[in-house]
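Before any comments, here is the structure.
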Amino acid sequence: MPEPASISKEALQVLRALRDSSRDGYNLCSETGLSQDELRKAVIELGKMISFKGDLRPSGIGDTYFMLMPSAYGYADMVIGSQYKRLF
Amino acid sequence: MTGFASPDVPAYVTYALVLVFGTIVAAHTVNRLLGSQPDRWAFAPTWLVFLVHAILPAALFWFLDYTGALNDTSIFAALLVAFGYRQIFAGGVQGITMAGQTPALWKPFEAWVNQIVDRIGDRNRMYIERFSDAVQAHIAESPERFKDFKSLVLTHSNDAAAVGKALANLPSTGDDAADRRQQIGLMWMDLRQSRAKLYGWLLYQQHIVPWGRYWLWLSKGRAKLFTIAIVGTLVVIVAGSVIWLTRDDIGGTRQHIAWLQYHKWRFLKANATERDRWRSREYLMGELRAWGDSTLPPLPAVVAAVAQAHERESKAADRLRAAKAGTPEWMQAKADADVAAMALQSALQTERRALSAKTLLASLVRELRFEGLARARAVEIIGLLVHCHSPALNAAYVPELIEVLRMQNEVVRRDIRNVLLALNADYPNAKFPTELEKWEPRKEETPADLDRMVRHSHTWWSEVSRKRQ
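Line order of the protein sequences matches chains A and B.
Following the numbering used here, the numbering of the first sequence begins with 62 at its first residue and continues without gaps.
Following the numbering used here, the numbering of the second sequence begins with 50 at its first residue and continues without gaps.
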């Protein structure tokens with residue numbers, strides 16, 4: 062398992078929200094307080110850690126469904142745990 | 050784990066424990082694995098994952114017993130497997146080692162769960178899209194609804210002015226219906242952005258979406274319906290099984306066969322504990338000792354006799370109901386009904402014996418024909434037959450037992466010859482063949498030698514059977 066990489070605050074917020082529940086782009090923006098553009102950047106930064114159904118274009122990102130696969134739970138928990146302080 | 054001190058209880062208790070606790074652990078595991086999937090219980094694949102996780106501990110428990118890693122009558126082993134089967138698969142439980150490469154089976158299993166999560170994600174997105182499309186079409190159908198929806202969006206928008214401006218700037222398609230759908234789509238996106246969590250509730254509150262649709266799509270209605278349907282089906286299956294096993298005489302017969310099969314399995318099981326084998330031996334001896342004295346007719350004749358006795362009992366009961374209480378006709382009908390009821394009980398007893406002969410005795414004797422049968426097992430089976438001997442019981446299996454003399458294991462041949470000699474005591478006037486009595490089975494005997502002994506035995510048996518009749 063690789064060491065948890067340093068990720069941006071926005072990506073961390075998205076990861077925490079998806080660890081809690083899969084959701085669509087509208088809900089994810091509402092939960093994290095990010096704009097759709099910030100969400101798109103965060104999703105690209107998280108790369109293969111998350112899976113999404115739909116597209117990342119501004120017109121479609123709201124309807125896109127984002128989720129964290131069970132095989133990534135452990136790594137996501139490690140990343141969230143290691144970066145926990147940064148949220149405060 | 051086989052040497053681990055633990056209360057030894059019947060296997061049906063341990064398997065029930067593994068199933069019950071395994072089911073609880075399975076529900077917890079599915080909630081953990083698919084915890085991030087909203088409405089997860091509304092999807093058939095989730096139930097499939099649950100079912101597999103519920104059955105897996107019982108299957109593993111059986112497998113570990115089969116490979117000798119533990120005993121399936123150990124109550125502690127049952128609890129350990131029910132709660133810690135994942136750790137056992139991972140090789141993390143000291144004293145329980147999975148055979149060969151079986152721990153590697155967990156990897157494809159995890160990949161399968163990931164696939165299911167992916168499919169649930171697909172379907173969740175599809176359902177949201179369908180809901181959005183259906184609601185937008187519903188709004189477009191009525192100008193009243195459109196007006197209410199517009200008011201709702203402008204009331205809750207984060208930027209009502211921008212929405213108003215965007216609506217005014219929408220280019221016309223030249224088709225009123227298409228223009229209206231475009232306006233609804235634009236407002237729909239704004240409402241979803243502004244009130245991502247509450248939009249469904251707001252639509253329901255404004256009577257734009259009926260309660261049923263809101264409950265079904267946005268208030269976990271599908272998951273609730275699915276759960277009720279599956280739990281209801283399970284309850285019906287369990288209740289049906291209980292009725293099937295307890296309903297009148299036929300249910301009693303089914304129960305009897307089930308218990309015979311269970312104890313036969315435990316009695317013949319190679320690695321059963323001493324206490325477990327003792328429990329089954331006691332049960333089977335009880336069955337065989339209650340055999341009675343009358344010779345057993347063939348099974349089809351017994352089944353026909355039971356059906357006939359049922360019919361007579363039913364007719365006698367009808368006559369009794371029809372007669373006026375206290376009259377001579379009623380007295381006669383009462384006596385007839387009592388006789389018919391007794392005859393039915395007797396027929397059922399015979400049926401019970403016939404089923405025991407078919408289910409138990411034939412299997413036990415067939416087991417003796419297996420060349421590789423351990424001596425200890427053979428002694429157990431022979432001991433059971435000899436301890437319960439009676440002329441009526443002997444008649445149910447001795448011809449098949451004589452045929453076992455043809456097998457190559459000379460030790461078992463000697464044991465069976467001794468059984469026949471012992472059974473001869475049940476027939477006071479019978480003479481046991483001298484050649485058979487003096488016979489010392491040897492390894493190098495030819496099939497012709499064995500055939501001669503088998504013929505002697507059959508002749509003796511025909512003689513004693515004829516005298517008994």
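Every residue, glycine too, gets a C-beta built ideally from N, C-alpha and C.
Remember, predicted model here, so these are calculated numbers, not experimental data.
| Asked | Found |
| --- | --- |
| Taking only beta-carbon atoms, is A/Y87 less than 7 Å away from chain B? | yes |
| Report the CB separation of B/K313 from B/L409 in whole angstroms; it is logged as a contact under 8 Å. | 6 Å |
| Taking B/K273 as the query, report the chain A residues whose CB atoms sit under 9 Å from its CB, ordered along the chain. | Here the premise fails: no neighbours, minimum Cβ distance about 18 Å. |
| Identify whether A/L150 lies in helix, strand or coil by the three-state DSSP scheme. | Given a span of 62 to 149 for chain A in the structure shown, any question on residue 150 of chain A remains unanswerable. |
| Per DSSP, which one or two residues make a beta bridge with A/D85? | A/Y126 |
| Rounded to whole angstroms, how far is the Cβ of B/N163 from the Cβ of B/P87, which I believe are closer than 8 Å? | Not really, about 18 Å apart at Cβ, beyond 8 Å. |
| Chain B beta carbons: is any one of them nearer than 7 Å to that of A/Y136? | no |
| Going by the beta-carbon positions, is the gap between B/A471 and B/V435 smaller than 7 Å? | yes |
| Counting only runs that start and end within the stretch 237 to 315 of chain B, where is the beta strand (DSSP E) found for 3 or more residues in a row? | none |
| Contact check, B/P482 vs B/W510 under 8 Å by CB: the rounded distance? | That pair is no contact at about 10 Å. |
| On the DSSP bridge list, what partners appear for A/K114? | A/Y126 |
| Anyone know if the C-beta pair for B/T78 and B/H102 falls short of 7 Å? | yes |
| Assign B/D325 to buried or exposed, taking buried as 16 or more other Cβ atoms, counted over all protein chains shown, within 10 Å of its Cβ. | buried |
| Please list the terminal residues of the continuous alpha helix (DSSP H) segment that includes B/F481. | First-last for B/F481: undefined, no H or E at that position. |
| Taking DSSP's pairing of strands, which residues face B/S395 in a bridge? | B/S395 is not bridged to any residue. |
| Would you give the residue range spanned by the alpha helix (DSSP H) that B/E452 belongs to? | P440 to E452 |
| Can you confirm whether the stretch 290 to 300 of chain B touches the stretch 100 to 118 of chain B when touching is taken to mean that 3 or more C-beta pairs between the two stretches lie within less than 8 Å? | no |
| Would you mind working out which of B/Y61, B/Y115, B/A227 and B/Y332 sits nearest B/S405, comparing C-alpha positions? | B/Y332 |
| Buried or exposed: where does B/Y263 fall if 16 or more other Cβ atoms within 10 Å of its Cβ makes it buried? | buried |
| Classify B/G170: buried if its beta carbon has 16 or more other beta carbons within 10 angstroms, exposed otherwise. | buried |
| Kindly say whether B/P220, judged by its beta-carbon, lies nearer than 7 Å to any beta-carbon of chain A. | no |
| Which chain A residues sit within Cβ distance under 8 Å of B/P87? | S82, S83 and R84 |
| Quick one: list the residues of chain A neighbouring B/L82, beta-carbon separation under 8 Å, in chain order. | P131 |
| Please determine if the stretch 366 to 378 of chain B and the stretch 339 to 357 of chain B are in contact, where contact requires at least 3 C-beta pairs separated by less than 8 Å. | no |
| Flag this pair as touching only if the stretch 455 to 471 of chain B and the stretch 356 to 368 of chain B have three or more C-beta atom pairs under 8 Å; answer yes or no. | no |
| So, are the CB atoms of B/E459 and B/R491 less than 7 Å apart? | yes |
| For A/M62, which residues from the same chain have a beta carbon less than 6 Å from its beta carbon, with the 5 sequence-adjacent residues on both sides left out? | Interpretation of A/M62 is limited by its pLDDT of 44, a score under 50 that renders its predicted location unreliable; the figure taken from the coordinates is listed afterwards. Nothing listed; no residue qualifies. |
| Just mark B/D225 as buried or exposed, buried being the case when its beta carbon has 16 or more other beta carbons within 10 Å. | exposed |
| If we call anything under 7 Å between Cβ atoms a contact, is B/V453 one with B/R418? | yes |
| Between the alpha carbons of B/A423 and B/L129, how many angstroms are there, rounded? | 31 Å |
| In whole angstroms, give me the CA-to-CA distance for B/L240 and B/W155. | 45 Å |
| Do the CB positions of B/S85 and A/S83 come within less than 7 Å of each other? | yes |
| Please determine whether the Cβ atom of B/G270 lies at a distance below 6 Å from any heavy atom of the ligand NAD. | Absent from the structure shown: the ligand NAD. Ligands present: none. |
| Inspect the CB distances between the stretch 67 to 77 of chain B and the stretch 251 to 261 of chain B and report whether three or more fall short of 8 Å. | no |
| Got a sec, what are the start and stop residues for the alpha helix (DSSP H) B/P157 sits in? | W155 to E190 |
| Against chain B, does A/S91 count as a neighbour if the rule is that its beta carbon must be under 7 Å from one of theirs? | yes |
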